Amino acid sequence: MKESEKKRMGQYAVHVFVCTYGPWCSQDGDTDAIVNRLKQGISEAGLRGRVRINRSGCLNQCGHGPMVVIYPEGRWYAGVQADDVPELLTEEIVNGRPVTRLLYEAPPGDNKDLSRYPPDLVAATRAKSRDG
Ligand code: FES
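Under our numbering, residues 78 to 209 are what the sequence shown spells out, in order.
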């Protein structure tokens with residue numbers, strides 16, 4: 078947290094966004110559980126008011142999820158699962174250190190790749206989602 082607080086951004090020392098409203102990240106993991114475990118961990122650590130957890134819409138990195146973005150460092154994490162939350166809390170959120178095994182590496186901009194999903198799922202999801 079100390080390093081993060083030095084680079085304080087906006088209203089919170091650390092601001093976490095979890096893609097829950099996009100149509101694909103929830104195919105890759107339990108995004109609600111990620112949010113809930115983050116919120117529980119923040120509360121237990123006495124960090125409410127200093128760390129904010131928000132759900133987000135699609136981040137246009139579909140197919141690499143669940144995606145999590147954490148500011149002020151602006152680190153993007155891919156393939157995050159609920160069991161990864163304790164490490165994200167301890168390393169990134171409290172100590173400001175990256176969890177390297179989860180860091181997302183991709184070219185800047187949109188990197189949506191739906192090739193890992195069955196074609197019928199892609200068609201059905203696209204039919205009912207603006208972000209599909
Ligand atoms: S659905 Fe999460 S990045 Fe698109």
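All C-beta atoms, glycine included, are put in the ideal place defined by N, C-alpha and C.
On a predicted model such as this, the values are computed, not experimentally measured, just so you know.
query: Can we count GLN158 as close to the ligand FES, meaning its CB is less than 7 angstroms from some heavy atom?; result: no
query: Mapping the DSSP letters down to three states, classify ASN131 as helix, strand or coil.; result: strand
query: On a CA-only basis, which of VAL91, VAL199, TRP101, ASP105 is nearest VAL157? Give me that one, please.; result: ASP105
query: Taking 8 angstroms as the threshold (C-beta atoms), are ARG129 and VAL93 in contact?; result: yes
query: Is it the case that the Cβ atoms of TYR194 and TRP153 are separated by a distance below 8 angstroms?; result: no
query: How about LEU198: is its Cβ closer than 7 angstroms to a heavy atom in the ligand FES?; result: no
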